[in-house]
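**Student:** Numbering (the numbering used here), first residue to last: 1236 to 1664.
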């Protein structure tokens, strides 16, 4: 990594830490009315410190690397809560640096690079206290650097980061088709299959070892997520809540599986329809990418790939029957980096969706659970923004064709041309 390519990501990471250590951790808007999961993480960490094994001796609802994250927080300064928050601050600074670096290597102008970095650094202020009290900042950091590795053709790093992300949060496995198509486009199908196979084999080996030692505990983890009801903040739930607000359609809310879910006849079938539609659209994204990449030049092809990644991640979040507010973080790197005619719009929608989430969570969350109509409409607006983001990020091949080629002109200074050549490789506009 050249020194010039390190400066801006480092500055944006520093900005993220300053905003975290300053207003985010000390102003009342972000320190009052906190709904936290840290006690759950601390219980897992304490069990690990005692020598108890996740899945075997104590239940764990998360994949195995999540337990490692919880355990590492013990070694941060201060008590467990402060240490966990400090660890998430470092993770968020890492995510900010990764997204900024990806913007540079995609050939975006300096203003767009700054916009991506500042938006990432300020995201905890936009989304709220939950960034510090959930471990999803780690997933976001892995996703940000995964995008950067994909754009710069660091294939081993890309697949390693994907495997790590799956072992932290499972759902990134749905990015495999887009990444395989991209890898095959740049390096050949055989190399892509080897890379994906190695990553998935590593994930399978970890889960296989756990299955041998604690089959019941591992099954309980998967069963936990399979049997969760339609969570009150999900896209399907917002549809039913809107019907309840408009036509008084009967709905109930029950607390189970660590969250609040809807009861009644409608939520289940609607959630299935939403999941099927999201899956069909994810397949469509992969097919569009596969057909569109071959004729594109280097640079535009990378931006199309990132648009496909962004669309897939947003579909994963919007289509799930559980849409916890921290899941908004997963979308940030790719959505802010999405190219095409609506790339700027996609970034704006992403920021608006973060603000809309903080508008009801956590201060008005229990009013939502109580089915207060004003809060229902805030949730409906947030989820409408997320659905609109799918359209804004959607990979449009025509938008990346017929771009004027970037020509490096030599004025006799060969070293100057050489310095700019790597960056021009990814230029698209």
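Glycine is no exception: its CB is placed at the ideal position from the N, C-alpha and C atoms. In this text, all values refer to a predicted model and were calculated from it rather than measured experimentally.
1. From the DSSP output, in three-state form, read off residue 1497 for me.
2. Output needed for residue 1420: all residues of its chain with C-beta closer than 6 Å, excluding positions within five of it in sequence on either side, in chain order.
3. In terms of residues, what are the limits of the alpha helix (DSSP H) holding residue 1317?
4. So is residue 1263 buried or exposed if we call it buried at 16+ other beta carbons inside 10 Å?
5. Considering only residues of the region 1529-1584, which uninterrupted beta strand (DSSP E) runs meet the minimum length of 3 residues and lie entirely inside it, listed in chain order?
6. Residue 1390 and residue 1430 look like a contact to me (Cβ under 8 Å); what is the Cβ gap, rounded to whole Å?
7. Locate the alpha helix (DSSP H) running through residue 1263, then write down its first and last residues.
8. Helix, strand or coil: which one does DSSP assign to residue 1469?
9. In the DSSP assignment, find the unbroken beta strand (DSSP E) run with residue 1487 in it and report its ends.
10. Tell me the DSSP secondary structure of residue 1464 in three-state form.
11. Classify residue 1511 as buried or exposed, calling it buried when 16 or more other Cβ atoms lie within 10 Å of its own Cβ.
12. Based on DSSP bridge pairs, tell me the residues matched to residue 1293.
13. For the alpha helix (DSSP H) containing residue 1623, name the first residue and the last one.
14. If you draw a straight line from the alpha carbon of residue 1296 to that of residue 1302, how long is it in whole angstroms?
15. Do residue 1311 and residue 1367 count as a contact pair if the criterion is CB distance below 8 Å?
16. Return the first residue and the last residue of the alpha helix (DSSP H) that residue 1300 is part of.
17. Going by other Cβ atoms of all chains shown within 10 Å of its Cβ, with 16 needed for buried, is residue 1440 buried or exposed?
18. For residue 1270, tell me which candidate among 1624, 1598 and 1613 has the shortest Cα-Cα distance.
19. For a test of the three-state rule: what should DSSP assign to residue 1432, helix, strand or coil?
20. I need the DSSP call for residue 1597, collapsed to helix, strand or coil.
21. Can you tell me which of the three DSSP states residue 1270 falls into?
22. With a cut-off of 8 Å on the beta carbons, I'd call residue 1520 and residue 1543 a contact; round off their distance for me.
23. Given a threshold of 16 other Cβ atoms within 10 Å of its Cβ, counted over all protein chains shown, does residue 1473 qualify as buried or as exposed?
24. So, for residue 1402: in the same chain, excluding its five sequence neighbours on each side, which residues have a beta-carbon less than 7 Å away from its beta-carbon?
25. Between which two residues does the alpha helix (DSSP H) carrying residue 1195 extend?
26. Which whole-angstrom value is the C-beta distance of residue 1615 and residue 1506, which I expect to be below 8 Å?
27. Exposed or buried, which one is residue 1656 when buried takes at least 16 other CB atoms within 10 Å?
28. Rounded to whole angstroms, what's the CA-CA distance from residue 1248 to residue 1327? Just pull it up for me.
29. Kindly indicate which residue of 1418, 1601 and 1605 has the alpha-carbon position closest to the one of residue 1480.
30. Relative to the C-alpha of residue 1489, which residue among 1626, 1497 and 1483 is closest?
31. Can you check which of these residues, 1362, 1388 and 1392, is closest to residue 1536 by C-alpha distance?
32. Do the region 1371-1386 and the region 1276-1283 touch if we need at least three Cβ pairs shorter than 8 Å?
**Tutor:** Considering the structure as presented:
1. DSSP places residue 1497 in strand when its eight states are reduced to three.
2. 1528
3. 1315-1340
4. exposed
5. none
6. 5 Å
7. 1263-1266
8. coil
9. 1487-1491 is the extent of the beta strand (DSSP E) around residue 1487.
10. coil
11. exposed
12. 1289
13. Here the alpha helix (DSSP H) through residue 1623 covers 1608-1628.
14. 10 Å
15. no
16. Note, residue 1300: alpha helix (DSSP H), 1299-1307.
17. exposed
18. 1598
19. helix
20. coil
21. coil
22. 5 Å
23. buried
24. 1298, 1299, 1300, 1438 and 1441
25. Because the chain in this structure spans residues 1236 to 1664, residue 1195 falls outside the shown range and cannot be described.
26. Not quite, the Cβ-Cβ distance comes to about 16 Å (not below 8 Å), so this is no contact.
27. Because the pLDDT of residue 1656 is 39, which lies under 50, any placement of that residue in the model is unreliable, and the question is left without a value.
28. 8 Å
29. 1605
30. 1497
31. Ranking 1362, 1388 and 1392 by Cα distance to residue 1536 puts 1388 first.
32. No, the region 1371-1386 does not touch the region 1276-1283.
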